[in-house]
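Input: a single structure, listed below in structure tokens.
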Amino acid sequence: MIPHEHHQHIYLRSRALENHIFIAAANKVGLEADYVYFGESEVINPNGHCVFKSLNNEDLAIVDIDLSSSASSKEILNYLDNRKSDLYRREGL
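In this note's numbering, the protein residues as written are 4 to 96.
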């Protein structure tokens, strides 16, 4: 496995889920200064599912996204509804 490849997939899905947004990440491909860029640019939907993933070559993609899926993802997994803000509210503010 190429360094950071596994991390990229986890981080992209996590940010999409946490923020209920689409995430589009473009990654470089090839070798530069002894560092391997693995490509695999991705588009992740608000539910954390990959709707596009390129391979490890140069690619140009046009990806259609459904903006209404952001609203539906909030209904399914809205962790902010589970906050107990009274437990960490500072007195006097």
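Yeah, the Cβ is synthetic: ideal placement off N, Cα and C, and Gly gets one too. These figures come from a predicted structure and were not determined experimentally.
- Boundaries for Tyr82: no alpha helix (DSSP H) harbours it, and the DSSP string shows neither H nor E there.
- By the 16-neighbour rule on beta-carbons within 10 angstroms, Gly42 is buried.
- In the pairwise beta carbon analysis, the region 47-60 is classified as touching the region 25-35: at least three pairs are separated by under 8 Å.
- Following the DSSP letters along the chain, one finds Tyr91 in no beta strand (DSSP E), marked with neither H nor E.
- Of the other Cβ atoms in all chains shown, 16 or more fall within 10 Å of the Cβ of Ser76; this residue is therefore buried.
- In this structure, Gly51 lies away from Leu70, with their beta-carbon atoms at least 7 Å apart.
- The three-state secondary structure of Ala19, taken from DSSP, is helix.
- Distance between Lys31 and Glu94, taken at the CA atoms: about 49 Å.
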